[in-house]
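> full-length UniProt numbering puts the sequence shown at residues 1 to 281. All C-beta atoms in this analysis are idealised placements derived from N, C-alpha and C, irrespective of residue type, glycine included. As the structure is a prediction and not an experimental result, all values here were calculated from the model.
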Amino acid sequence: MGQFTPFSGPDLCKYDYGISSDFPYSAEHAACICEALACEVDKLAAFISKLPQSEEYHRNEVVLKSRAVICYRRQNFKELYNILENNSFSTIYHQELQHLWLEAHYEEAEKVRNRPLGAVGKYRIRRKHPLPGGIWDGEETSYCFREKSRQLLKEAYRSNQYPSPKDKKELASKTQLTVTQVSNWFKNRRQRDRAAESRDKGSGGDTKGDSDSSDYDDPLEVKPTLEVPQPQIVQPLEFTAFDPSPYNTHFMAYPTAPHMSYLQPTVMDTIGTIGTQYQSL
Numbered sequence: 001m002g003q004f005t006p007f008s009g010p011d012l013c014k015y016d017y018g019i020s021s022d023f024p025y026s027a028e029h030a031a032c033i034c035e036a037l038a039c040e041v042d043k044l045a046a047f048i049s050k051l052p053q054s055e056e057y058h059r060n061e062v063v064l065k066s067r068a069v070i071c072y073r074r075q076n077f078k079e080l081y082n083i084l085e086n087n088s089f090s091t092i093y094h095q096e097l098q099h100l101w102l103e104a105h106y107e108e109a110e111k112v113r114n115r116p117l118g119a120v121g122k123y124r125i126r127r128k129h130p131l132p133g134g135i136w137d138g139e140e141t142s143y144c145f146r147e148k149s150r151q152l153l154k155e156a157y158r159s160n161q162y163p164s165p166k167d168k169k170e171l172a173s174k175t176q177l178t179v180t181q182v183s184n185w186f187k188n189r190r191q192r193d194r195a196a197e198s199r200d201k202g203s204g205g206d207t208k209g210d211s212d213s214s215d216y217d218d219p220l221e222v223k224p225t226l227e228v229p230q231p232q233i234v235q236p237l238e239f240t241a242f243d244p245s246p247y248n249t250h251f252m253a254y255p256t257a258p259h260m261s262y263l264q265p266t267v268m269d270t271i272g273t274i275g276t277q278y279q280s281l
């Protein structure tokens, strides 16, 4: 173990090393007090500032975790990263510390961009800033799910794409996820499969495979259904022959003059009279 370096940071994150060595609590008792003060950041910071200058206290993982919480609440992200990157923690603290690591990076990115991050933006942040080894057991994750959990979900999906509430509850217990996360995973998976099927029909090929390629998926978020426009089939216009039967009482056919066959009789009589007069000239 290397030489202990005093913690530095904002006012409430600094230690008071002038305290007498006659500290009334052991390191274990101090850790219990830190746990009890976890929801009261100001009191927690004041208590930690009174701890003796000793590795026995300041290398205690509960104390380190408490320091990380203080730094996150005080927006001292640089010191937070330093704590998480240079110390190892028990598995029971991994989830909480991973949350601090990711949320700190998200907040930094949002300040730079001056807008909230979406699912894709958060995915890129996670790729850019992988979890430190001290707060991660090394098991690969996908969409914030452990690989084992994801495999169990995929196996259940192959058997039944629409699990019952009872099935979801059992899956949540097996995968160490919430029922909401399981439900959303199934909804998102069904939507991706429907979209893939629509694309395959449109291209005429069979490219359907494992549709878990959307690595930026948020397991707590239901993705909107992807609407794939279907090709419109234009029906040819149908023309029907003109039926003069309803007008037989008003129109007369003249075989010798087909181009005048449907002129009204009065018009035809006038034309015939003019023709007779012209021939007599």
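Comparing the CB of Arg158 with every heavy atom of the ligand FMN, is any distance shorter than 8 Å?
With respect to the ligand FMN, the structure offers nothing, as it holds no ligand at all.
> For Ser173, does the count of other Cβ atoms within 10 angstroms reach 16, so buried, or fall short, so exposed?
For the purposes of this step, residue 173 is taken as the residue at position 173 of the sequence shown. By the 10 Å Cβ count, Ser173 comes out exposed.
> For Glu79 and His58, what's the separation of their Cα atoms in angstroms?
Your numbering for residue 79 matches position 79 in the sequence shown. Your numbering for residue 58 matches position 58 in the sequence shown. So the alpha carbons of these two residues sit roughly 14 Å apart.
> Could you tell me if residue 282 is buried or exposed, where buried requires 16 or more neighbouring beta carbons within 10 angstroms of its beta carbon?
Residue numbering for the chain in the displayed model covers 1 to 281; residue 282 lies beyond these limits and cannot be assessed.
> Relative to the C-alpha of Cys32, which residue among Ala119, Ala104, Lys65 is closest?
In the sequence shown, the residue the question calls residue 32 occupies position 32. Comparing Cα positions, the closest option is Lys65.
> Quick one: Cα of Pro24 to Cα of Leu51, how far?
Taking the first residue of the sequence shown as 1, we reach residue 24 at position 24. Taking the first residue of the sequence shown as 1, we reach residue 51 at position 51. Roughly 10 Å between the two C-alpha positions.
> Report all residues from its chain with a CB closer than 8 Å to the CB of Ser183; omit the five preceding and five following residues, and keep chain order.
Counting from one through the sequence shown, the residue named residue 183 turns up at place 183. Counting only Cβ-Cβ distances below 8 Å, and skipping sequence neighbours, we find Lys168.
> Determine, using beta carbons only, whether Leu171 comes closer than 9 Å to chain C.
As a matter of chain content, chain C is missing from the structure shown, which is built from one protein chain.
> Whole angstroms are fine: how far does the CA of Gly202 sit from the CA of Gln98?
Here residue 98 corresponds to residue number 98 of the sequence shown, with the count starting at 1. Here residue 202 corresponds to residue number 202 of the sequence shown, with the count starting at 1. The straight-line gap from Cα to Cα measures roughly 42 Å.
> Quick check: what's the CA-CA separation for Tyr162 versus Phe186?
The residue you call residue 162 lines up with position 162 of the sequence shown. The residue you call residue 186 lines up with position 186 of the sequence shown. Going from the Cα of Tyr162 to the Cα of Phe186 covers about 8 Å.
> Here's the rule: buried if 16 or more other CB atoms are within 10 angstroms of the residue's CB, otherwise exposed. What is Cys34?
Position 34 of the sequence shown holds residue 34. Buried, by the Cβ-count rule.
> According to the neighbour-count rule (16 or more other Cβ atoms, all chains shown, within 10 Å of its Cβ), is Thr175 buried or exposed?
Within the sequence shown, the letter at position 175 stands for residue 175. The residue in question, Thr175, is buried, as its Cβ has 16 or more Cβ neighbours within 10 Å.
> Report back the beta-carbon spacing between Trp101 and Ile70 to the nearest angstrom; my notes put them in contact at under 8 Å.
Position 101 of the sequence shown, counted from the first residue, corresponds to residue 101. Position 70 of the sequence shown, counted from the first residue, corresponds to residue 70. Not quite, the Cβ-Cβ distance comes to about 15 Å (not below 8 Å), so this is no contact.
> Nearest by alpha-carbon distance to Glu56: which of Asn82, Ser26, Glu85 is it?
On the sequence shown, residue 56 is found 56 positions in, with the first residue counted as 1. Ranking Asn82, Ser26, Glu85 by Cα distance to Glu56 puts Ser26 first.
> Rounded to whole angstroms, what is the Cα-Cα separation between Glu40 and Arg115?
Position 40 of the sequence shown holds residue 40. Position 115 of the sequence shown holds residue 115. Each residue's Cα considered, the two are about 29 Å apart.
> Taking C-beta to C-beta, are Ala68 and Leu84 nearer than 9 Å?
Taking the first residue of the sequence shown as position 1, residue 68 is located at position 68. Taking the first residue of the sequence shown as position 1, residue 84 is located at position 84. Against a cut-off of 9 Å, the Cβ pair of Leu84 and Ala68 comes out as a contact.
> Using the Cβ count rule (16 or more neighbours within 10 Å means buried), how would you classify Asn188?
As a working note, residue 188 is residue 188 in the sequence shown. With 16 or more other Cβ atoms within 10 Å, it is buried.
> Smallest Cα separation from Thr178: which of Arg126, Asp22, Phe145, Lys122?
To locate residue 178, count along the sequence shown from 1; it is residue 178. It is Phe145 whose Cα lies nearest to the Cα of Thr178.
> Mapping DSSP to helix, strand and coil, what is Arg158?
Reading the sequence shown from its first residue, position 158 is the one you call residue 158. Helix at Arg158.
> Measure the alpha-carbon distance for Tyr75 versus Gln151 and round it to whole angstroms.
Here residue 75 is taken as the residue at index 75 of the sequence shown, counted from 1. Here residue 151 is taken as the residue at index 151 of the sequence shown, counted from 1. The question names Tyr, but residue 75 is Gln in the sequence shown. So the alpha carbons of these two residues sit roughly 37 Å apart.
> Along the chain, where does the alpha helix (DSSP H) that runs through Ser173 open and close?
Residue numbering aside, residue 173 sits at position 173 when the sequence shown is read from its first letter. Ser173 -> alpha helix (DSSP H) spans 165-175.
> On the criterion of 16 or more Cβ atoms from any shown chain inside 10 Å, does Val112 qualify as buried, or is it exposed?
Reading the sequence shown from its first residue, position 112 is the one you call residue 112. With fewer than 16 other Cβ atoms within 10 Å, it is exposed.
> List the endpoints of the continuous alpha helix (DSSP H) containing Trp136.
For this step, residue 136 is matched to residue 136 along the sequence shown. Here Trp136 belongs to no alpha helix (DSSP H), and DSSP marks it neither H nor E.
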